[in-house]
Every structure is written in C-alpha cells, then in structure tokens.
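Notes for the one structure printed next.
2 protein chains.
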Amino acid sequence: MKVNHYEQVVQQPVEMEGSHGCQVRWLLGERDGTPNFAMRQFEVAPGGYTPRHSHPYEHEVFVLEGQGIVFEGDQPHRLNAGDVVLVKPDEVHQFRNTGTSPLKFLCLVPNSATSKKATVAPECGKEH
Amino acid sequence: MKVNHYEQVVQQPVEMEGSHGCQVRWLLGERDGTPNFAMRQFEVAPGGYTPRHSHPYEHEVFVLEGQGIVFEGDQPHRLNAGDVVLVKPDEVHQFRNTGTSPLKFLCLVPNSATSKKATVAPECGKEH
Numbered sequence: 001m002k003v004n005h006y007e008q009v010v011q012q013p014v015e016m017e018g019s020h021g022c023q024v025r026w027l028l029g030e031r032d033g034t035p036n037f038a039m040r041q042f043e044v045a046p047g048g049y050t051p052r053h054s055h056p057y058e059h060e061v062f063v064l065e066g067q068g069i070v071f072e073g074d075q076p077h078r079l080n081a082g083d084v085v086l087v088k089p090d091e092v093h094q095f096r097n098t099g100t101s102p103l104k105f106l107c108l109v110p111n112s113a114t115s116k117k118a119t120v121a122p123e124c125g126k127e128h
Numbered sequence: 129m130k131v132n133h134y135e136q137v138v139q140q141p142v143e144m145e146g147s148h149g150c151q152v153r154w155l156l157g158e159r160d161g162t163p164n165f166a167m168r169q170f171e172v173a174p175g176g177y178t179p180r181h182s183h184p185y186e187h188e189v190f191v192l193e194g195q196g197i198v199f200e201g202d203q204p205h206r207l208n209a210g211d212v213v214l215v216k217p218d219e220v221h222q223f224r225n226t227g228t229s230p231l232k233f234l235c236l237v238p239n240s241a242t243s244k245k246a247t248v249a250p251e252c253g254k255e256h
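For the protein sequence lines, the chains are A and B, in the order given. The opening residue of the first sequence carries number 1 in this note's numbering; numbering runs sequentially from there. The opening residue of the second sequence carries number 129 in this note's numbering; numbering runs sequentially from there.
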C-alpha cells in the first residue's frame, strides 16, 4: 500500500508540443507497482491549455478545482469541479482553463499509454 | 466523449458483506466504453466502513472530502482530502469514516475486477 497527499508529489512542467501553462504530478504509476493504469494530476494556469491532439488510449478525468472547457473535436463542453470526462481512444481533445484560478484535474491513463505517441491535431478555423 | 457531473450519477447502496453505511456511484465503466478501467465514487457515512477484505486486483484512490482511515492489514493510515492511496492486489484493506461528515473518495479498478471475487478477511483482536 502507498498513501500520501497529492501535493507531496513533485510537480513537473508539461513540455508537449501545443501545451501552455500546464504542470503534472504522477501520483501513481508503474514505478509504484500499478498493474494496469496510472493516476496523474494536472494543473493548468489561467489561459493555459493542453495539446489539441489524439492518441490510441483513453483518459478518465475528474475535475478537482477551477473552471474550463474540454473540446471534443471542435465542440466545447464546460467544466467545473466534480465533472467527469471520458476521452475515448483516438478522440481529438483539448483542455483549457477559462477561469481566473488554476484548473486542477485528475487524468488516468492505461500503463500502455507511456509507449504510445499522441498525434497533434491541426488547428481549426477559430482559435482553441 | 462523455461529460457529466458526478452527482448526476445514481448512487447505489454497497451491499457487500462486511460493509456499513457505504454508497457508490459508477462514474465510468465498461457500459460507457472504458477499455481498461472503471472510475467509481464512494461515500461512507460517519461511522461507516467498507469491507475488510482482499482481492486479486488493485485500487487507485483519491480522497475528495471528509476524514477517515485506511487499514493496511492491521496498520491504520489517516486520510484527508487530497490523499492518494494505492491498494495493491491481494492486500487486506478497509476504509473507515472517522469524521462527522461523509467520507467521499474516488476508487478506480481494472475492468477485470468485475469478474473477480473478494475474500473477506478475518477480524483481528481489536475492533476495526
């Protein structure tokens, strides 16, 4: 068993192409002995965003704090604390902080995700 | 993509042997098309507890609200909002609400968990 507070885990900048103002904590992963999936916690600064991309694995997301939008392709869905998001494999998606405080969410992925690459999606007409 | 608030999901009583005062919401699971793992949200009433048991699959837990204890066998660990717990396969464990408000946490399991049975652990000398 492993027990700790999420803020005890070191926060690292997200350096993926197409991201801005994002940090991540790997709360639980293969190095902790997770057999199947990993738990990460993301923090997106006001105005920040994750890459607009797709990949062959899912996200299971729980919003902890803040306000934002998740794009399903070009379709925005508003996000607030307590919202749950399933991003299915190969869906183009992007998270954006539209509030004035950090947008914090959990994002879980299968262990296999670490060996699979994401595909950056082309920008569409409007900015997002 | 699926987006909704966790409180929109129907809460069901946990009727496992050895549990008391527990309810669960299946936030994301195989019927939503999750390929690998399921997200559930538990709510344990003050004085309530989950079964003292083990099973051949892991839990990845994030505490949302409240105060409690997770037992790792006979060893208690205090829990508060923001705490993260990895229960590895076959570890005897139990969650207890030791506060005065509901203990709310996310608990994720692999999809394979639904076909695997838990083993109720014997009570030990002291009550928990």
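The C-beta atom is built at its ideal place from N, Cα and C for all residues, glycine as well. For clarity, every value in this text was computed on a predicted model and none was experimentally measured.
Check: Distance CB(B:His181)-CB(B:Lys244) smaller than 8 Å; Outcome: no
Check: Cβ-Cβ separation, A:Met39 to A:Leu106 (assumed contact under 8 Å), whole Å; Outcome: 6 Å
Check: 8 Å Cβ cutoff, B:Pro217 in contact with chain A; Outcome: yes
Check: Same chain, Cβ closer than 6 Å to B:Leu89, five either side skipped, listed in chain order; Outcome: As shown, chain B starts at 129 and ends at 256. That puts residue 89 of chain B outside it, with no answer to give.
Check: Distance between beta carbons of B:Leu155 and B:Gly196, contact taken as under 8 Å; Outcome: So it is not a contact: roughly 20 Å between Cβ atoms.
Check: Residue-level contact to chain A via CB, B:Pro179, 8 Å cutoff; Outcome: no
Check: Collapsed DSSP secondary structure at B:Arg159 in the structure displayed; Outcome: helix
Check: Listed by chain order, chain A residues near B:Glu200 by CB distance under 9 Å; Outcome: Met1 and Val3
Check: Residue span of the beta strand (DSSP E) that contains B:His183, given as start and end; Outcome: Counting along the chain, B:His183 falls outside any beta strand (DSSP E), and DSSP gives it neither H nor E.
Check: Distance between beta carbons of A:Val3 and B:Val220, contact taken as under 8 Å; Outcome: Not a contact, Cβ separation roughly 15 Å.
Check: Per-residue burial, B:Thr242 [other beta carbons within 10 Å of its own, 16 or more giving buried]; Outcome: exposed
Check: Counterpart residues of A:Asp83 in DSSP-defined beta bridges; Outcome: B:His133
Check: Min CB distance B:Pro204 to chain A below 8 Å; Outcome: no
Check: Of the residues A:Glu65, A:Gln23 and A:Tyr6, the one placed nearest A:Thr100, counting alpha carbons only; Outcome: A:Glu65
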